[in-house]
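Residue numbers (my numbering): 15 to 102.
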């Protein structure tokens, strides 16, 4: 199993199985959606495929919404996407 695609396929399959188990088990996290969890600046840059400098610039210009808790800046992915779609 040295083929990188086989490794990825195996891991994706494991993740899918885990998600299925969580959803069907009645586990409290079964209704949890990662999109509802506030995202860090690093997470939002990876999600959007832009640099941190771009995110900071957009935030300072008011182009994307954010929340600040102490010195932490967090983002709601859904609201960020909505804001960017409206600005088009």
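Every residue, glycine too, gets a C-beta built ideally from N, C-alpha and C.
Legend entry - As assigned by DSSP and simplified to three states, the class of residue 87: Position 73 of the chain shown holds residue 87. It is a strand residue.
Inset, instruction - Check whether the Cβ atoms of residue 78 and residue 98 sit closer than 8 Å, and answer yes or no. - result: Here residue 78 refers to the residue found at position 64 of the chain shown. Here residue 98 refers to the residue found at position 84 of the chain shown. The answer is yes: Cβ separation under 8 Å.
Inset, instruction - Flag this pair as yes or no: are the beta carbons of residue 58 and residue 95 separated by less than 8 Å? - result: For the purposes of this step, residue 58 is identified with residue 44 of the chain shown, where counting begins at 1. For the purposes of this step, residue 95 is identified with residue 81 of the chain shown, where counting begins at 1. No, these two residues do not count as a Cβ contact at 8 Å.
Legend entry - Alpha carbon of residue 24 to alpha carbon of residue 88, nearest angstrom: Looking up residue 24 in the chain shown gives position 10. Looking up residue 88 in the chain shown gives position 74. When rounded, the distance between both Cα atoms is 33 Å.
Legend entry - Uninterrupted beta strand (DSSP E) stretches inside the segment 52–102 (no shorter than 3 residues): 81–83, 86–88
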